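Enquirer:
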Amino acid sequence: MSHVKIGLEIHVQLVSLKTKLFCSCSADYRGKPPNTNVCPICMGLPGTLPVLNEKAIEEAIKVAKALSANISNISYFFRKNYFYPDLAKNFQITQYDKAGGIPFATGGYLKLSNGRKVRIRRIQLEEDPGRIYYEAGIQEARYSLIDYNRHGIALIEIVTEPDIREPREAREFLEKLSGILEELGVPVGEYEGAIRCDANISLMEGARVEVKNITGFSAVEKALSYEITRQRNLIKRGIKVERETRHWDERRRITTSLRKKEMEEDYRYFPEPDLPPLTIGKDVLERIEGIIKPIEEVVRDYVKKYGIEEVVAERIARDRRLRALFNRSVKDRPDLARHLASLLANEVPFLMKRREIELPSDTKGLLIVAEAKRDGLDRDEILRLLDNWLHGREVIYRKVAALREADLEGIVKKVIERNPKVVKDVKKNPKALNYLMGLALKEVKGVVDKKKLFDLLRKSLGL
Amino acid sequence: MKWEKLSAIRLIEELKSGSITSEEISAYFLDKIKKVDRILNSFITLNEKAVEEAKKVDKNGRKGRLAGLPIAVKDNITTKGIRTTCASRILENYIPPYDAEVISRIKREGGIIIGKTNMDEFAMGSSGENSGFGPTKNPRDLNRVPGGSSSGSAAAIAAGLAPLALGSDTGGSIRAPASFTGIVGLKPTYGAVSRFGLIAYANSLEQIGPMGKNVLDTAYLYSIIYGEDEKDSTSLPSPPLSIERISDFEAKGVKVAVLTDLVSRVDEPVKKMFERGINYISEIGAEVNEVKLEGIDLALPAYYVIACSEASSNLARYDGVRFGVDCRTNLNWRDAYKEVRKLFGKEVKVRIMLGAYTLSAGFFEEYYVKAVKVRRRIRDGLKKLLKKYDYVAIPTMPVLPWRIGEKLDDPLYVYLSDALTVPANLAGVPAISLPIGLADGLPVGIQFIADEFEEEKLFGLAKRFEEKAGELEVVDL
Ligand SMILES: [Zn+2]
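Order-wise, the sequence lines are chains C and D. First residue of the first sequence? That's 88 in my numbering, and the numbers climb one at a time after it. First residue of the second sequence? That's -4 in my numbering, and the numbers climb one at a time after it.
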């Protein structure tokens, strides 16, 4: 798969917002009767003016930060002019990186599992168009119906550099991005059409082909694989790949030509005169920084501050809910940081995978389990206590019964002293060791790490 | 009683005192419009419910600073439940579901919207001839144009069909007709008046403004409509305006800059009248300075590039899907658009084409970007001048009102007539036009320009000037 360059253009609905980007209509447009979630502003009625939703800026800052992008302290809104019935004004309010425009954020990256970084070119804010319905399908319909309920929903567009090398990576990128968004409280995966993607692909430095209308992460992989094969075959037959826009036909699983380069629309971009430049104050940035830091930075902090292993730190940092729990519980007991981290990174996900359960918000029970872990309670017992915590049951762990290393040594010593005959036998007869272990366990009142006790016993016997 | 002879402020006093009711006065003006407007064509739509609304205001004791006074509104300002056409056939049947912010403010003060006035279609024009509902005539000479684009509002005031009116000014659309019909009109500072509900022609240039028979009436209406509005992100807070301070304004010693190179190029009768105006300025004690402003020649082309660029985008929504004729045709959507957009008048089509061209790839840098640079230069130049001088004074229009139809084949002549009004729009500063007097029986206006948010100062000087020059009587038609 050498010489393949793929870039993505991803549209993400800021599903965490209550209202649309430029008016106060509800952002929750799904499932409503057509054209009921609208107002004069998002319907583009003559004389109306857009007013920017401040919350959308905060959400966009979070996303940009999580992708380590540079947020522009000043950016502009532009009009993208084109005639299409799903656009109430026949222009879209968006941002632009040419013609003197500055997008909301630039730069940044997302790391793939193979360690390669996919660079982000720009992140910008824009409004979603409405939707067109063809009752009998696009070919047969004699008319089209337009629903403006979605019109004006806040979108962020994320454009990557052509750093992706395989269709599989494109899919991974989208899955990772979707995970990050979910951690930020923008659960795009829960809403149909909340994350949409166009892909640019070129082979062997050839012409760039844009593939539109891809919905779903596996569709991206399929569409790109198809497109690579198609272009490869053209090249093999000595035909030049043309620069064009193609349409992914999900049903037939092929791409079809939409328009050639010379038919590309001239969008006549120019600055939106109804909106002043968007300035991001330091105060806003700092406030949001308190909420969100790039994952890498969080990981670094955990490693440095608590001496947690990097793999463990990353596992917690990547999951918004785990991270929140960790931060809240470690605040009270920094001495338990490593045990808390280990629980949250290993045992908790293990238990949650087995059963469909929600993470509790209570940290008291979790801290008790962490103490037990510190005391060396064996894994089965830890899992039992954690399970209680996960199900909201009381976590009871009698600390008095917890045996420290010194206590264990005392027990072992006692057992050896009282059973000299068996001890003599131990080298020849393996059963003798089990017998001694049984005696030692009887001495234990409460809970003990069996393995530890066994190891200690063997060691004391010189085995 | 001929109520139209009284000033708006006086009428409000009468309303407050109870010597007349809002119902009576609304019915009186409606009646007069119905009689006279067959000749003048200054209104497109009358408010059928005006008298009913007036009755309500009467019943509530004629509260508010307008106390039931009727007001005419340019037909590009959105009025809930009253057809708003922009003088375009494409919006012939458009009834807005909401009020413009200025309309809400007027209603809150007890004002009655009496009707919607004629204009150049989508405010594109300087004569009032480009209306989809026929041209408005100049009450001072019915063969001549009243100036545009707020042609109907100006003509209605001059003919005594309304005591006060709202216009809008993108490149002179309040001041030009004010000058041609011999009334007073203010183009406020950009951002001083909410544009929410003003149907856009060129968003970055235009403002809604007041029009009246005299300076104080105009200032009074301004005091009701100005002020920041959260629905308009480009609006800004203004310092409070006081009618008393305007009345007591001291003109002695204020510095007025006259832009000589602009004045030298106006038509002879206008020049003569303007010289008389300069004398009035001296007589009220102001200091007159002759000044040159570099680069002011570029204002007109820069204005047309910016205005048409924005217009081409603003008017894209009138495509027949929701505005215009019934979109259910057998044509595909591109052809359907073409069909519907035939409803635009010629001037509108010209400006859409111009704007689409100046924004298109390859020409954007050459036209739009350059025009924006020129705009910044003119703004800087004018602002610098206004640091040194209190006011700039120039004629409002370089020519006298021409005969209706006379210049239809000479669009450049009409475009050039905006040369003296567009600088204030490009710079975003306020400008007022008021009559100097009559030349050959036709009104000639003077224009004062001040720095941003200095409307009070502008009205003050205009008030003193008006006392010298005199108000022009309303025309009895
Ligand atoms: Zn809305």
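Idealized CB from N, CA, C, for every residue including glycine. Small disclaimer: the values here were computed from a predicted structure and weren't measured.
Do you know how far the Cα of C/H426 is from the Cα of C/K537?
Expert: In a straight line, the C-alpha of C/K537 is about 19 Å away from that of C/H426.
Enquirer: Suppose the cutoff is 8 Å on Cβ atoms and the five residues either side in sequence are ignored; what does the same chain contact list for C/R333 look like?
Expert: V296, E297, V298, K299, E314, T342, T343, S344, L345
Enquirer: Could you tell me whether any Cβ in chain D is nearer than 9 Å to the Cβ of C/D353?
Expert: yes
Enquirer: How would you list, in chain order, the residues of chain D whose beta-carbon sits under 9 Å from the beta-carbon of C/V371?
Expert: In chain order: nothing, as chain D lies at least about 17 Å away.
Enquirer: Excluding the 5 residues preceding and the 5 following C/D173 in the sequence, name in chain order all residues of the same chain whose CB lies nearer than 7 Å to its CB.
Expert: P216, G217, R218, I219, I233
Enquirer: Note down, in chain order, each residue of its chain lying with its Cβ closer than 8 Å to the Cβ of D/A95, except the 5 sequence neighbours on either side.
Expert: I72, T73, T74, S189, F191, G192, L193, I203
Enquirer: For D/G166, does the count of other Cβ atoms within 10 angstroms reach 16, so buried, or fall short, so exposed?
Expert: Counting Cβ neighbours within 10 Å, D/G166 comes out buried, since at least 16 surround it.
Enquirer: With hydrogens ignored, establish whether the beta-carbon of C/I128 is closer than 8 Å to any heavy atom of ligand 1.
Expert: yes
Enquirer: Rounded to the nearest angstrom, what separates C/E292 and C/V328 at their Cα positions?
Expert: 10 Å
Enquirer: If we define contact as Cβ-Cβ less than 9 Å, is D/N42 a contact residue for chain C?
Expert: No - not a single Cβ of chain C is within 9 Å of the one on D/N42.
Enquirer: So which of C/T106, C/S448, C/L550, C/W476 has the shortest CA-CA distance to C/A457?
Expert: C/W476
Enquirer: If contact means a Cβ-Cβ distance below 7 Å, which residues of the region 286 to 313 of chain D contact chain C?
Expert: S304, E305, S308, A311, R312
Enquirer: Report yes if the C-beta distance between C/I455 and C/V482 is below 9 Å; otherwise report no.
Expert: yes
Enquirer: Check the DSSP bridge columns for C/Q318 and list the partner residues they point to.
Expert: Paired residues: none, contrary to the question.
Enquirer: Thinking C-alpha only, which one of D/G120, D/L456, D/K29 is nearest D/D385?
Expert: D/L456
Enquirer: Is it right to say D/I107 is buried, meaning 16 or more other beta carbons lie within 10 angstroms of its own, or is it exposed?
Expert: Buried, because 16 or more other Cβ atoms sit within 10 Å of the Cβ of D/I107.
Enquirer: Does DSSP put C/R420 in a helix, a strand or coil?
Expert: C/R420 carries a coil assignment under DSSP once its states are collapsed to helix, strand and coil.
Enquirer: Where are the beta strand (DSSP E) runs, 3 residues long or more, that stay fully inside the region 319 to 401 of chain D, in chain order?
Expert: Restricting attention to beta strand (DSSP E) runs no shorter than 3 residues, the region 319 to 401 of chain D encloses them at 386 to 390, ordered along the chain.
Enquirer: Extract the residue ranges of the alpha helix (DSSP H) inside the region -4 to 27 of chain D, only unbroken runs of 4 or more that lie entirely within it.
Expert: 3 to 12
Enquirer: Quick check on C/V487: buried or exposed, where buried means 16 or more other Cβ atoms within 10 Å of its Cβ?
Expert: The pLDDT assigned to C/V487 is 47, lower than 50, so where the model puts this residue is not dependable; a value taken from the coordinates is nonetheless given after this. C/V487 comes out exposed.
Enquirer: Do D/A246 and D/F460 have their CB atoms nearer than 9 Å?
Expert: A contact, by the Cβ cut-off of 9 Å.
Enquirer: Does the count of Cβ pairs from the region 129 to 148 of chain C and the region 326 to 334 of chain D closer than 8 Å reach three?
Expert: no
Enquirer: Give a yes or no on whether the C-beta atoms belonging to C/T181 and C/A156 are separated by under 9 Å.
Expert: Going by C-beta atoms, C/T181 is not nearer than 9 Å to C/A156.
Enquirer: Along the chain, where does the beta strand (DSSP E) that runs through D/N284 open and close?
Expert: 282 to 286
Enquirer: Please state whether DSSP places C/D336 in a helix, a strand or coil.
Expert: C/D336: strand per DSSP, three-state reduction.
Enquirer: Could you pull the start and end residues of the beta strand (DSSP E) that C/C284 belongs to?
Expert: 282 to 290
Enquirer: Can you list, in chain order, the residues of its chain whose CB lies under 6 Å from that of C/L543, leaving out five sequence neighbours each side?
Expert: L495, V499
Enquirer: So, are the CB atoms of C/F191 and C/R209 less than 9 Å apart?
Expert: yes
Enquirer: Compare the C-beta of C/I251 against all C-beta atoms of chain D and say whether one is closer than 9 Å.
Expert: Not closer than 9 Å to any Cβ of chain D, the Cβ of C/I251 fails to qualify, so no.
Enquirer: Check each residue of the region 172 to 189 of chain C: if its Cβ is closer than 9 Å to any Cβ of chain D, include it; give the result in chain order.
Expert: P172, L174, A175, K176, N177, F178, A186, G187
Enquirer: So, with DSSP's three-state summary, where would you put C/M88?
Expert: Bear in mind that the predicted position of C/M88 carries a pLDDT of just 46, short of 50, making it too unreliable to give a figure here.
Enquirer: Decide if the region 303 to 323 of chain D is in contact with the region 149 to 164 of chain C; the criterion is three or more beta carbon pairs, one per stretch, under 8 Å apart.
Expert: no
Enquirer: Is it buried or exposed for D/M119, if we count other Cβ within 10 angstroms and need 16 for buried?
Expert: Answer is buried; the Cβ neighbour count reaches 16.
Enquirer: What alpha helix (DSSP H) runs, 4 residues minimum, are completely inside the region 452 to 506 of chain C?
Expert: 466 to 477, 492 to 505
Enquirer: Taking CB distances under 9 Å as the criterion, tell me whether D/F318 reaches chain C.
Expert: yes
Enquirer: Once DSSP output is grouped into helix, strand and coil, what is the label at C/N157?
Expert: The answer is strand: DSSP assigns C/N157 an E or B state.
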